[in-house]
Amino acid sequence: MFLIKNRLLYVTLMIWLVIALAACGGQAGSGASNAPAEQTGDSSPVTDKSTKIFKAANGDVEIPVHPQRIVAITFLGDLLALGVKPVGAGSIALNNSVLLEKELEGVADVGDVSVEKVLELNPDLIIVPTYLPSETVEQLKKIAPTVAIPSVGLEGGDPLEELKTFGVMLGKEKEAEAFIARYKQKAEEAKAKLNGIIGPDETVGSYSIWAKNLWVWPKTRDAGYNLFEMLQYKPQDKIAKEIFPDGKGKDISLEVLPEFAADHMFITVYEPDGGAERAKEVANGAIWQGLPAVKNNHVYYLDYKKFWMIDGLNLEKQLDILVDLIVKQNQK
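In this note's numbering, each residue's number is its place in the sequence shown (first place is 1) plus 42.
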């Protein structure tokens with residue numbers, strides 16, 4: 043009888059010991075999950091709720107230190123250059139970021155811009171360009187902290203400074219510097235590969251043909267940044283004097299195109315709304331046929347969808363396209 047009682051006491055003590063150890067393990071597990079989760083884009087709870095103040099174009103905005111679900115209306119190349127994949131993006135940026143198709147797989151399209159679609163994604167940070175209508179921004183602010191950033195492509199500026207801004211915003215300064223270093227190294231290698239193809243005294247220009255417009259672009263549109271800043275080609279004189287200073291493009295008539303025509307002309311054709319037909323008409327005309335670049339086979343056609351976005355990873359991939367095209371077209 044005494045033996046039975048001892049055994050019962052032993053079993054009872056062991057049960058209580060197991061329960062106590064399980065409770066302690068549960069407490070230790072909950073305390074070990076304070077590190078921020080990786081940016082996965084899922085809807086799992088975020089353990090790090092800390093915030094910081096970011097000075098944006100729309101004022102000081104309190105944002106998460108480690109945002110997990112970002113909706114970015116544009117700037118997709120900047121985010122991807124930092125290793126950050128948004129859960130949603132604007133349709134214009136998505137449709138014109140064909141070079142990033144693989145990296146953007148699974149990113150939801152929020153239109154241009156549907157507040158309802160943004161709401162469905164449950165974001166903890168929304169990034170918008172400053173040109174987005176203020177009434178739309180006010181609606182988005184009710185969903186999550188909303189940061190407005192000037193778009194280099196439309197407002198001028200330096201794309202790499204824009205990338206650094208995102209690095210500061212998202213705590214990815216090291217990633218930004220690493221990408222910039224890689225990009226600049228690739229540009230140096232490209233210059234060596236292109237050495238002698240476009241001479242130091244030959245001029246370069248970036249242009250776009252639309253249905254009702256003929257654009258001469260600054261450094262921050264289409265191929266301009268890579269051509270002038272990274273490859274350091276010489277801009278056509280009139281472009282340097284009239285287009286570069288304000289950082290905006292100029293819509294010119296076909297009749298004055300020879301005044302802006304460079305020795306090497308890089309052309310995009312905005313095909314919608316009759317742009318493709320207009321480009322054919324221009325190319326078959328006497329003015330176009332009389333340009334030195336046309337006569338020397340120094341007109342380089344670029345896919346406008348591949349060169350629409352001027353940010354981060356887009357720029358790096360565009361540089362590869364330019365180098366391959368210049369080499370191929372000047373092979374003898």
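Don't be surprised by glycine CBs; every beta carbon is placed ideally from N, CA and C.
Item to check | From Lys226, Ile309, Asp279, residue whose alpha carbon lies closest to that of Met272 | outcome: Position 230 of the sequence shown, counted from the first residue, corresponds to residue 272. Answer by Cα proximity: Lys226.
Next on the checklist: Runs of 3 residues minimum, wholly inside the stretch 125-204: which ones carry the beta strand (DSSP E) assignment?
Outcome noted: 167-171, 188-191
Checklist entry - What residue range is occupied by the uninterrupted alpha helix (DSSP H) comprising Pro109? => result Numbered from its first residue, the sequence shown carries residue 109 at position 67. Unbroken run through Pro109: none, as it is neither H nor E.
Next on the checklist: Suppose you measure from the CA of Asn372 to the CA of Ala220; what does that come to, to the nearest Å?
Outcome noted: Numbered from 1 along the sequence shown, position 330 holds the residue referred to as residue 372. Numbered from 1 along the sequence shown, position 178 holds the residue referred to as residue 220. Distance between the alpha carbons of Asn372 and Ala220: 33 Å.
Checklist entry - Based on the DSSP output, what are the partners of Val103 in its beta bridges? => result Mapped onto the sequence shown, residue 103 falls at position 61. Partner(s): Phe96.
Item to check | Distance between beta carbons of Ile309 and Val341, contact taken as under 8 Å | outcome: Sequence index remark: in the sequence shown, residue 341 carries index 299 (1-based). Sequence index remark: in the sequence shown, residue 309 carries index 267 (1-based). Confirmed, about 6 Å.
Item to check | Length of the line joining the Cα atoms of Ile169 and Leu146 | outcome: Here residue 169 is taken as the residue at index 127 of the sequence shown, counted from 1. Here residue 146 is taken as the residue at index 104 of the sequence shown, counted from 1. Ile169 and Leu146: Cα-Cα distance of roughly 16 Å.
Checklist entry - Do you know how far the Cα of Ile95 is from the Cα of Glu244? => result In the sequence shown, counting from the first residue as 1, residue 244 sits at position 202. In the sequence shown, counting from the first residue as 1, residue 95 sits at position 53. C-alpha separation (whole angstroms): 48 Å.
Next on the checklist: Using a Cβ-Cβ cutoff of less than 8 Å, which residues in the same chain neighbour Leu163 once the five nearest sequence positions on both sides are dropped?
Outcome noted: One-based indexing of the sequence shown puts residue 163 at position 121. Cβ within range, chain order: Arg111, Val113, Val129, Gly130, Ala150, Val152.
Checklist entry - Between Lys292 and Trp257, what straight-line distance do the alpha-carbon atoms span, to the nearest angstrom? => result Here the question's residue 292 lines up with position 250 in the sequence shown. Here the question's residue 257 lines up with position 215 in the sequence shown. Distance between the alpha carbons of Lys292 and Trp257 is about 6 Å.
Item to check | Beta-carbon spacing of Leu124, Ala218 below 8 Å | outcome: Along the sequence shown, read from residue 1 onward, the residue named residue 124 stands at position 82. Along the sequence shown, read from residue 1 onward, the residue named residue 218 stands at position 176. A contact, by the Cβ cut-off of 8 Å.
Checklist entry - Nearest to Glu358 by alpha carbon, out of Asn268, Val246, Asp366? => result Numbered from its first residue, the sequence shown carries residue 358 at position 316. Glu358 has its Cα closest to that of Asn268, out of Asn268, Val246, Asp366.
Next on the checklist: For the pair the stretch 312-329 and the stretch 248-256, tell me if three or more CB-CB distances fall below 8 Å.
Outcome noted: yes
Next on the checklist: Helix, strand or coil, according to DSSP, for Gly291 in the structure here?
Outcome noted: As a working mapping, residue 291 is identified with position 249 in the sequence shown. Three-state DSSP puts Gly291 in coil, outside helix and strand.
Item to check | Continuous beta strand (DSSP E) assignments of at least 3 residues falling wholly in the stretch 265-323 | outcome: 306-311
Item to check | Simplified DSSP state of Thr116, which is helix, strand or coil | outcome: Start at 1 with the first residue of the sequence shown, and residue 116 comes out as number 74. Coil at Thr116, not helix or strand.
Checklist entry - Can you list, in chain order, the residues of its chain whose CB lies under 8 Å from that of Asp122, leaving out five sequence neighbours each side? => result As a working note, residue 122 is residue 80 in the sequence shown. Checking the displayed sequence, the identity of residue 122 turns out to be Leu instead of Asp. Correct list, in chain order: Leu142, Glu145, Leu146, Gly354, Leu355.
Next on the checklist: In the DSSP assignment, the alpha helix (DSSP H) including Ile352 goes from what residue to what residue?
Outcome noted: As a first step, residue 352 is located in the sequence shown; it is residue number 310 there, counting from the start. Segment: none, Ile352 is in no alpha helix (DSSP H) and carries neither H nor E.
Next on the checklist: With DSSP as the reference, identify every bridge partner of Val246, one or two as the case may be.
Outcome noted: By one-based count along the sequence shown, residue 246 stands at place 204. Answer is Pro277, His306.
Checklist entry - Going by other Cβ atoms of all chains shown within 10 Å of its Cβ, with 16 needed for buried, is Asp366 buried or exposed? => result What you label residue 366 is simply residue 324 of the sequence shown in a count that begins at 1. Exposed, because fewer than 16 other Cβ atoms sit within 10 Å of the Cβ of Asp366.
Item to check | Bridge-paired residues (DSSP) for Ile251 | outcome: The sequence position of residue 251 within the sequence shown is 209, counting from 1. Answer is Leu256, Val311, bridged to Ile251.
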